[in-house]
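Below: one structure, written as structure tokens.
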Amino acid sequence: MAGGATPMMAQYLALREEAGDCLLFYRMGDFFELFFEDAKRAAAILDIALTTRGEHDGAPIPMCGVPVHSAESYLARLIRAGCRVAIAEQTETPAQAKERARREGRASKSLVARDIVRFVTAGTLTEDALLEPRRANVLAAVCELRGTCGVAACDISTGRMDVEECAPEALGAALARLGASEVVAPESWDDAPADAIARPARDFASESGDARLRSVHGVATLDGFGAFSRAMLAAAGGLIAYLEHVGRGALPLLLPPRPREGGAVLAMDEATRTSLEILEAAGGGRKGSLLDAIDRCVTGAGARQLAEDLSAPLTDASAIAARLGAVSWLHEDALLRDELRAALRALPDIGRALGRLVAGRGSPRDLGQLRDGLGGARALHERLADRDLPDLAATLRPALAGHGALVDHLSRALVPSPPTERTQGGFIAEGFDATLDELRRTAGNARRAIAALEARYREQTGIAALKIKHNNVLGYFVEVPQRHADTLMEADSGFTHRQTMAGAMRFNALELHDEASRITEAGAHALTAEEGHFAELVKMVVAARESIAGTAAALARLDVCAGQAERAAEGGWCRPTISDAACLEIESGRHPVVEAALAAGGERFVANDCRLDESDRLWLIGGPNMGGKSTFLRQNALIVILAQAGGFVPAKTATIGLVDRLFSRVGASDNLARGRSTFMVEMVETAAILAQASERSFVILDEVGRGTSTYDGLALAWAVAEAVHESNRCRCLFATHYHELARLAETCDALSLHHVRAREWKGELVLLHELATGPADRSYGLAVARLAGVPAPVIARAKAVLQKLEKGRAETGGLAAGLGDLPLFAAAAGAREEHCDTLRDKFDTIDVDALSPREALELLYELKREASQGA
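Under the numbering used here, the first residue of the sequence shown is numbered 6, with each subsequent residue one higher.
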């Protein structure tokens, strides 16, 4: 802190140091102010005016501010921009500050005390204005303990908490599945995720994690919640410690942790999730994703549950069957489905309302939402009575029945539409508290008395323009125009002067003071009484938090089942059969996203079959680009995800052999931030597949080897296909433009050849998007290039080159044969490639550190000569 700072600036700088890397919202009256670099950064993000206030160390202090009443909208923009914010509130009133100064023997004027009351971060939001209704907001904590990674994740807006452990190499896939908004990790961990927030390593001790969990849930042992490894406990400890930090000691809603067993869900790495566009489209955002194409949920909680289902499809056949049974039940009973969806649509998001109330950020409106939501759940319980329910629905129904006493109490206590703010009162219903009703009547009578007093003052003074007004500074006062002021200024008028305005004068009167005191006192007591009732109602809700959360989860699951049934009915989807065999039998399968896009334009999607089993587990698929190879690959992967998530699938029939891991290597792009080219990304993803895919896995591979030279690419594609067939022995769809790979069918007994059909008609390429058996006759690359708008001279030149290549290959079997009389392209391709290999080998043998300057110069000249000879 610089010397000579004002008391206010000294206070600000102390709080600013405590805020760390967060922006500091410093409360000053009705505004949150930001200073120095915080102000510059916030003003740029929020597009608000940057001003100055006073000086510090001889320079003007940059400043900007936002109104307290609209701070949430500004916070939302800052959080989306990647900022974290510390909220410094006034913790006493000016009167309390004055009294504190008097007790401490200081001057009567004293700076109001302020303190950081909360840190607002991406993963710790609970407010509606800061959250997306249809998307979970996950905070994750990760750590490594004895070679194993622990992961703890929670959505504090609903309290759900999961813990798991995984191998270090699988941590990226786990975080990709969770889609966490914020990740925290020990500050001493070198291999922590790049974007993780560093926290003290002591927070991640497994012993303190065990103690924190037991303390939060008031239990002596965690055995009742399941079995937890040391890595799980360590991650959970780090998560809770961070929540204590951002909440300044107050914890949000945390439900009992659920340990996730390894292998319980279908494993997918980050590249696969991105490639398949499960929750987000490639360009970002929900539109164009699988989730967007199938989401027919009518509640935000249901949409969040559906997203989780798609992120973590199940691998347990009985659990999948239970979900499918509930979807079938509602698929077959359209009338019940419509009634259920209409009832669910009317219900508020009770999970998030509960989260705000437990976190201490709730409002009377949240209590009203719980009343209405729990009451609606009870009505649904009755609606499902005496019905033949599938197993899952029968399990969910009891969770809808409870809370009758709480609902009745909330119904008696609250007005029909409680307000969001409670500072003005008015949310406790008349008749709930006789004392409160009397206080309100007293205040009401006093207001009527003031109206009568105003009429009497007018008659008494003869001033028709006399009015009794109120503001927060003066309270109640009498106001008359300036021209009538002399009448009230007389000594025996009974009025005393209070304030002179430009065109009016304000006065006080004894009777008015008495009535105002009655109003103020009754109003203050009424507000205190309502605040007490609010606290009591919140206490009742918090006591029932776990069962209320169970009701919220049951409503969300019902919404997902009904939404899945609705989507199936819309598209003519089928219930898949789940099998233990390593098969994938899909009749007339479609891509749900592409089909929806085509339908919007009035076009029809061409369905295709896929039949993989032990004797035919690797399909090699050729055909032209744009012919539908990638769509076919992806649609079968998405059908697996939909089936194992417990939903119907876009096909006529489908039998899905349970998949343990799903891999998609379809398309690639540079990852320059990590120093990886497109081809390097492709090879890293391919290596992961070859290292991890098992006989129970499903793999889709598209154009392996296209990012390098023709010879290298063909060799790699050949070797990868062989490895998938011989070593991994998984179900695989392998799309390629290398015709030479067709010869693999001669040696790989479980490999079959297929192609997407195309025809040329009057010089134009017609893509049929149909899959046929056998190798492709050609790739139609030139026709596709013509469709893409490549100039005609270039197409003509490419055609001439192609004829030479094909002639040379027919005569000698070499890809580059026959090009000796062509001045360009492949005539010297083989020689240049060989020469480059020689130069690479020479570079590998050079010990740069052992060379003298002269030797280095001579070597450089020699390499230059050799390079020019091979050009």
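Virtual Cβ for every residue (Gly too), placed ideally from N, Cα, C.
Checklist entry - Does the distance from the CB of Val664 to the CB of Pro581 come in under 8 angstroms? => result As a first step, residue 664 must be located in the sequence shown, where it is residue number 659. As a first step, residue 581 must be located in the sequence shown, where it is residue number 576. In this structure, Pro581 does not lie closer than 8 angstroms to Val664 by Cβ.
Item to check | Cβ shell of Leu260 (< 7 angstroms), same chain only, five flanking positions each side left out | outcome: By one-based count along the sequence shown, residue 260 stands at place 255. These residues qualify, in order along the chain: Gly164, Arg165, Met166, Glu551, Ala554.
Next on the checklist: Given a cut-off of 8 angstroms on the beta-carbon distance, is the pair Gly537 and Ala448 in contact?
Outcome noted: Translated into the one-based positions of the sequence shown, residue 537 becomes position 532. Translated into the one-based positions of the sequence shown, residue 448 becomes position 443. No. Outside cutoff.
Checklist entry - For the 8 angstroms Cβ check, are there 3 or more pairs between the region 334-353 and the region 196-213? => result no
Item to check | Cβ-based neighbour list, Ala747, same chain, cut-off 6 angstroms, excluding 5 preceding and 5 following | outcome: On the sequence shown, residue 747 is found 742 positions in, with the first residue counted as 1. Cβ neighbours of Ala747 beyond the five flanking positions: Leu758, Pro780.
Checklist entry - In angstroms, rounded to a whole number, what distance separates the CA positions of Cys566 and Glu23? => result Sequence index remark: in the sequence shown, residue 566 carries index 561 (1-based). Sequence index remark: in the sequence shown, residue 23 carries index 18 (1-based). Cα to Cα, Cys566 sits roughly 48 angstroms from Glu23.
Checklist entry - Would you call Ala287 buried or exposed, if buried means 16 or more other Cβ atoms sit within 10 Å of its Cβ? => result Numbered from its first residue, the sequence shown carries residue 287 at position 282. Ala287 is exposed by the Cβ-count criterion.
Next on the checklist: Less than 7 angstroms between C-beta atoms, sequence neighbours within five positions excluded: which residues of the same chain meet that for Leu80?
Outcome noted: Position 75 of the sequence shown holds residue 80. Answer for Leu80: Val90, Val125, Leu135, listed in chain order.
Checklist entry - DSSP on Cys566, reduced to helix/strand/coil? => result Along the sequence shown, read from residue 1 onward, the residue named residue 566 stands at position 561. Judged by DSSP in its simplified three-state form, Cys566 adopts helix.
Checklist entry - When DSSP labels each residue in this structure, what does Thr447 get in the three-state scheme? => result What you label residue 447 is simply residue 442 of the sequence shown in a count that begins at 1. Looking at Thr447 - three-state DSSP - the assignment turns out to be helix.
Checklist entry - Nearest-angstrom Cα distance between Glu266 and Glu42? => result As a first step, residue 266 must be located in the sequence shown, where it is residue number 261. As a first step, residue 42 must be located in the sequence shown, where it is residue number 37. A straight line joining the alpha-carbon of Glu266 with that of Glu42 spans about 46 angstroms.
Item to check | Boundaries (first-last residue) of the beta strand (DSSP E) holding Asp160 | outcome: Translated into positions along the sequence shown, residue 160 becomes position 155. Membership of Asp160 in the beta strand (DSSP E) is indicated by the continuous run 153-160.
Next on the checklist: Could you tell me the alpha carbon to alpha carbon distance between Asp717 and Trp723, rounded to whole angstroms?
Outcome noted: Along the sequence shown, read from residue 1 onward, the residue named residue 717 stands at position 712. Along the sequence shown, read from residue 1 onward, the residue named residue 723 stands at position 718. The alpha-carbon atoms of Asp717 and Trp723 are separated by roughly 10 angstroms.
Checklist entry - Looking at the structure shown, is Trp723 part of a helix, part of a strand, or coil, going by DSSP? => result Translated into positions along the sequence shown, residue 723 becomes position 718. In this structure, Trp723 counts as helix in the three-state DSSP scheme.
Next on the checklist: Out of Trp194, Leu773, Ala308, which one is the CA nearest neighbour of Arg762?
Outcome noted: One-based indexing of the sequence shown puts residue 762 at position 757. Answer by Cα proximity: Leu773.
Item to check | Assigned secondary structure, Leu271 (DSSP; H/G/I helix, E/B strand, else coil) | outcome: In the sequence shown, the residue the question calls residue 271 occupies position 266. Looking at Leu271 - three-state DSSP - the assignment turns out to be coil, as it is neither helix nor strand.
Checklist entry - How long is the line joining the alpha carbons of Arg463 and Leu471, rounded to whole angstroms? => result Here the question's residue 463 lines up with position 458 in the sequence shown. Here the question's residue 471 lines up with position 466 in the sequence shown. One C-alpha to the other measures close to 6 angstroms.
Next on the checklist: Quick check on Arg253: buried or exposed, where buried means 16 or more other Cβ atoms within 10 Å of its Cβ?
Outcome noted: As a position in the sequence shown, residue 253 is number 248, starting the count at 1. With fewer than 16 Cβ atoms within 10 Å of its Cβ, Arg253 is classed as exposed.
Next on the checklist: Let me check understanding here. Comparing Cα to Cα, which of Glu109, Val122, Ala755 lies closest to Thr96?
Outcome noted: Within the sequence shown, residue 96 is the residue found at index 91, counting from 1. With distances taken between Cα atoms, Thr96 lies closest to Val122.
Checklist entry - Do Val71 and Pro99 come within 8 angstroms of each other at the CB atom, strictly closer than that value? => result Taking the sequence shown and counting its residues from 1, the one referred to as residue 99 is at position 94. Taking the sequence shown and counting its residues from 1, the one referred to as residue 71 is at position 66. Their beta carbons are not under 8 angstroms apart, which means Pro99 does not touch Val71 by this criterion.
Item to check | Beta-carbon proximity list for Lys869, same chain, < 7 angstroms, skipping 5 on both sides | outcome: Reading the sequence shown from its first residue, position 864 is the one you call residue 869. Within the same chain, Lys869 has no close Cβ partners at all.
Item to check | Sufficient close CB pairs (3 or more, under 8 angstroms) joining the region 508-521 to the region 541-551 | outcome: Contact check between the region 508-521 and the region 541-551: fewer than three CB pairs, one atom from each, fall below 8 angstroms, which does not count as touching.
Checklist entry - How many angstroms separate the CA atom of Asp377 from the CA atom of Thr660? => result Working through the sequence shown from its first residue, we reach residue 377 at position 372. Working through the sequence shown from its first residue, we reach residue 660 at position 655. Taking the straight line from one Cα to the other gives about 42 angstroms.
Checklist entry - Going by DSSP, which residues form a beta bridge with Phe482? => result Your numbering for residue 482 matches position 477 in the sequence shown. Looking at the DSSP assignment, Phe482 forms a beta bridge with Lys474.
Checklist entry - Whose C-alpha, out of Thr691, Phe36, Thr556, is nearest the C-alpha of Leu405? => result If you number the sequence shown from 1, residue 405 lands on position 400. It is Thr556 whose Cα lies nearest to the Cα of Leu405.
Item to check | Reduced DSSP category for Asp167 - H, G, I as helix; E, B as strand; rest coil | outcome: Here residue 167 refers to the residue found at position 162 of the sequence shown. Asp167 carries a strand assignment under DSSP once its states are collapsed to helix, strand and coil.
Checklist entry - Taking three-plus beta-carbon pairs below 8 angstroms as touching, is the region 140-147 in contact with the region 183-203? => result yes
Checklist entry - On the three-state DSSP scale, how would you describe Glu109? => result Counting from one through the sequence shown, the residue named residue 109 turns up at place 104. Glu109: coil per DSSP, three-state reduction.
Checklist entry - Is it right to say Met510 is buried, meaning 16 or more other beta carbons lie within 10 angstroms of its own, or is it exposed? => result For the purposes of this step, residue 510 is taken as residue 505 along the sequence shown, with counting starting at 1. It counts as buried.
Checklist entry - Going by C-alpha distance, which of Ala457, Gly430, Arg301, Ala456 is nearest Leu444? => result As a working note, residue 444 is residue 439 in the sequence shown. Nearest C-alpha to Leu444: Gly430.
Checklist entry - Since Leu271 contacts Leu284 with CB under 8 angstroms, what's their CB separation in whole angstroms? => result As a position in the sequence shown, residue 271 is number 266, starting the count at 1. As a position in the sequence shown, residue 284 is number 279, starting the count at 1. The Cβ separation is near 14 angstroms, so there is no contact.
Item to check | Closest Cα partner of Ala239 within the set Phe209, Arg151, Gly223, Arg119 | outcome: Position 234 of the sequence shown, counted from the first residue, corresponds to residue 239. Residue nearest to Ala239 within the set Phe209, Arg151, Gly223, Arg119 is Phe209 (criterion: CA-CA distance).
Next on the checklist: Looking at the secondary structure, which residues open and close the beta strand (DSSP E) in which Ile53 lies?
Outcome noted: Translated into positions along the sequence shown, residue 53 becomes position 48. Unbroken run through Ile53: none, as it is neither H nor E.
Checklist entry - Can you name, in chain order, every residue of its own chain whose Cβ lies under 6 angstroms from the Cβ of Gly367, other than the five neighbours on each side? => result Here residue 367 refers to the residue found at position 362 when the sequence shown is read from its first residue. Scanning its chain for C-beta atoms nearer than 6 angstroms, with the 5 sequence neighbours on each side dropped, one finds around Gly367 the residues Arg361, in chain order.
Next on the checklist: For Ser294 and Ser732, what's the separation of their Cα atoms in angstroms?
Outcome noted: Here residue 294 refers to the residue found at position 289 of the sequence shown. Here residue 732 refers to the residue found at position 727 of the sequence shown. The alpha-carbon of Ser294 is positioned some 33 angstroms away from that of Ser732.
Checklist entry - So does the region 315-333 actually touch the region 390-403, counting three or more Cβ pairs closer than 8 angstroms? => result The region 315-333 vs the region 390-403: in contact.
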